[in-house]
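Residue numbers (the working numbering): 47 to 463.
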Amino acid sequence: MTRTMKPFAHIRRMLPLVALTTAAVTATITTSAQTASGLAPAVEQRIRMNTSSAVNANWTFRFGGPYYSHLFIDKIYAKSDPIIPCQSVFDVQIAARLGFKFIEANVHATATPGKYIVMHGVRGCLGDQVTDLDGNSAADVVIRQTPFDTLMSKYRYRSRYAKYRTHITSMEEFLLECRRNNIAPMISHVDEEQVRIIRSIMGENFILYWGTREEFSGPILEYHTYKSIRQIVDRCKYMGAPYLYCMGNVRDFTDEQLRTIAREVHNVGCYVGYAGCYEPPQNNQKLLDMGFDFSASGWDINEIDNGNLCNLTADLRFDDFRTDGTEREAVLCLDAGQSVAPGVELPSEFLSGGSLHVRFEGKIRVEMGDYIHTEFASDGERSMWWSSYFIEQAPTFRITAVEPTRIINMTYKASKM
Numbered sequence: 047m048t049r050t051m052k053p054f055a056h057i058r059r060m061l062p063l064v065a066l067t068t069a070a071v072t073a074t075i076t077t078s079a080q081t082a083s084g085l086a087p088a089v090e091q092r093i094r095m096n097t098s099s100a101v102n103a104n105w106t107f108r109f110g111g112p113y114y115s116h117l118f119i120d121k122i123y124a125k126s127d128p129i130i131p132c133q134s135v136f137d138v139q140i141a142a143r144l145g146f147k148f149i150e151a152n153v154h155a156t157a158t159p160g161k162y163i164v165m166h167g168v169r170g171c172l173g174d175q176v177t178d179l180d181g182n183s184a185a186d187v188v189i190r191q192t193p194f195d196t197l198m199s200k201y202r203y204r205s206r207y208a209k210y211r212t213h214i215t216s217m218e219e220f221l222l223e224c225r226r227n228n229i230a231p232m233i234s235h236v237d238e239e240q241v242r243i244i245r246s247i248m249g250e251n252f253i254l255y256w257g258t259r260e261e262f263s264g265p266i267l268e269y270h271t272y273k274s275i276r277q278i279v280d281r282c283k284y285m286g287a288p289y290l291y292c293m294g295n296v297r298d299f300t301d302e303q304l305r306t307i308a309r310e311v312h313n314v315g316c317y318v319g320y321a322g323c324y325e326p327p328q329n330n331q332k333l334l335d336m337g338f339d340f341s342a343s344g345w346d347i348n349e350i351d352n353g354n355l356c357n358l359t360a361d362l363r364f365d366d367f368r369t370d371g372t373e374r375e376a377v378l379c380l381d382a383g384q385s386v387a388p389g390v391e392l393p394s395e396f397l398s399g400g401s402l403h404v405r406f407e408g409k410i411r412v413e414m415g416d417y418i419h420t421e422f423a424s425d426g427e428r429s430m431w432w433s434s435y436f437i438e439q440a441p442t443f444r445i446t447a448v449e450p451t452r453i454i455n456m457t458y459k460a461s462k463m
């Protein structure tokens, strides 16, 4: 199935929310014709879009890392201790401060026609993210069967702090907060009236999560667990660019199959990512190295260019870090059990972020905030990258050698957000 790729002109209408040029995505999808370079036009266009200068000019973020915020998804369950309610107006503010340009919004219709709320929910119910006004469970309240005013007035978010124990966020509140914070929604499709309301607030500046081409010619993202490469590629062809396929089952494929998926999806001018919020940290690096374009981020953040708390480097020497290892000819050698950490005491902040790059040979365990407590192995051929946000913590890290390890170079940047 052949479709003409619509330019992201709909995003330009709401500048300065997202600055994309017309040249960002204007191409006709075809896999048979060849250009002068010998590449299919869709492939050549994609390469052109993702060169350094083009990306900086045409995209609000660089593909090859966290793409849209799905933070705090792990805090919606009964035994969690949430601070920021997931998919609330406060979540929008945090995502924007952390540098995300898109944030996920799961929309639910209520019993009141034309009125919607935003929350993850559990199988159409409120789940354990909220309670009633007396603190009792509201987990089994069916959203679609409950009037909007009741949802707004009878339930509130769970949070460690009273400041965040507010009413549930309506769709209009969520979208207006997106506008105020220069961030666009990746918003789930419910019905025509909902899409009309989205457009009335955001113009065309959004990614539609599900939906059809009859309703929306802009970027559509879908989350699937197709079991074969052919099914994935056929879905991309059917939807047509601009289209983003998010995999929920990368574990069902071999590494070689995953590389093939990335290549074949790109060949039809589309993009492929994965649900990073449900993947262990060691998978993130591997999938991005295989050519995947984005992660639905539950804990990792985009690169920190200039840390306002610290900019530590060990390109030549390791003076910026403290360690019980031994430096030999500008390489840090760690025996099993020896460690390295920042050489400065970093303050605890309400919200901060850290970005760590390490090139090493051996096996290490990285401890970094609430989410990264993982072992990694490398042959030293290329650097590994980890990033995360920190709430009410010092944005620090510690690397401990699991076996004799050589750390060749390392940089760490941390910022108060």
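Where is the CB? At the ideal position from N, CA and C, for every residue including glycine.
Whole angstroms are fine: how far does the CA of A208 sit from the CA of D301?
46 Å
If I measure Cβ to Cβ from I122 and keep anything under 7 Å in the same chain, skipping five residues before and after, which residues do I get?
C132, H166, G173, D174, Q175
Please list the terminal residues of the continuous alpha helix (DSSP H) segment that includes Y324.
Looking at the DSSP string, Y324 is not in any alpha helix (DSSP H), and its letter there is neither H nor E.
If you draw a straight line from the C-alpha of Y458 to the C-alpha of P393, how long is it?
15 Å
Is the beta carbon of H270 sitting closer than 8 Å to the one on G294?
yes
Tell me the residue span of the beta strand (DSSP E) that contains S343.
340 to 343
Integer Cβ distance of M507 from I189, believed to fall under 8 Å
Absent from the structure is residue 507, since the part of the chain shown begins at 47 and ends at 463.
Count the other CB atoms, across all protein chains shown, that sit within 10 Å of the CB of P159; report buried if there are 16 or more and exposed otherwise.
exposed
Does the structure place the stretch 417 to 431 close enough to the stretch 355 to 366 that three or more beta carbon pairs sit under 8 Å?
no
Answer yes if the stretch 425 to 440 comes into contact with the stretch 363 to 371, meaning at least three C-beta pairs across the two stretches below 8 Å, and no otherwise.
no
Are the stretch 249 to 260 and the stretch 297 to 317 in contact at 8 Å, needing three or more beta carbon pairs?
no
Distance, V412 Cα to L144 Cα:
22 Å
Roughly how far, in whole angstroms, is the beta-carbon of I247 from the beta-carbon of L222, given that I think they are within contact range, below 8 Å?
6 Å
Using the rule of at least 16 other Cβ atoms within 10 Å of the residue's Cβ for burial, across every protein chain shown, is Q383 buried or exposed?
Inspection of the sequence shows that residue 383 is occupied by Gly rather than by Gln. Per the 10 Å Cβ criterion, exposed.
Cβ-based burial, Q191 [other Cβ within 10 Å; buried from 16]
exposed
Considering F406, what are the terminal residues of the beta strand (DSSP E) in which it resides?
395 to 414
Once the 5 residues before and after G389 are set aside, which same chain residues still bring their CB inside 8 Å of it?
L358, D365, D366, F367, R368
Assign G181 to buried or exposed, taking buried as 16 or more other Cβ atoms, counted over all protein chains shown, within 10 Å of its Cβ.
exposed
Of the listed residues Y114, R428, G400, nearest to G408 (C-alpha basis):
R428
Report buried or exposed for Q277, applying the criterion of at least 16 other Cβ atoms within 10 angstroms of its Cβ.
exposed
First and last residue of the uninterrupted alpha helix (DSSP H) at C282
275 to 285
Candidates E150, L197, H235, Y272: which alpha carbon is nearest C171's?
L197
Could you tell me which uninterrupted alpha helix (DSSP H) segments, each at least 4 residues in length, are contained entirely in the stretch 178 to 252, listed from first to last along the chain?
194 to 200, 217 to 226, 238 to 248
Per DSSP, what are the beta-bridge partners of R363 in this structure?
BP columns for R363 are empty, so no partner.
So, helix, strand or coil for I130, using DSSP?
coil
Secondary structure of N152, DSSP reduced to three states
coil
The alpha helix (DSSP H) with F136 in it runs from where to where?
135 to 143
Output needed for T156: all residues of its chain with C-beta closer than 8 Å, excluding positions within five of it in sequence on either side, in chain order.
Y162, I163, I189, R190, T192, P193, F194, L197
Would you mind stating whether I229 and L397 have Cβ atoms separated by less than 8 Å?
no
Can you confirm whether the stretch 438 to 450 touches the stretch 336 to 351 when touching is taken to mean that 3 or more C-beta pairs between the two stretches lie within less than 8 Å?
no
Among K462, I418, M456, N455, which residue has its Cα nearest to the Cα of E32?
Since the displayed the chain opens at 47 and closes at 463, residue 32 lies outside it and no answer follows.
Closest by CA to N152, which one among A185, Q240, Y210?
Q240
Between F406 and G426, what straight-line distance do the alpha-carbon atoms span, to the nearest angstrom?
5 Å
Is DSSP giving E302 helix, strand or coil here?
helix
Extent of the continuous beta strand (DSSP E) to which V390 belongs
No beta strand (DSSP E) contains V390, which DSSP labels as neither H nor E.
How is the beta strand (DSSP E) around M293 delimited, first residue to last?
289 to 293
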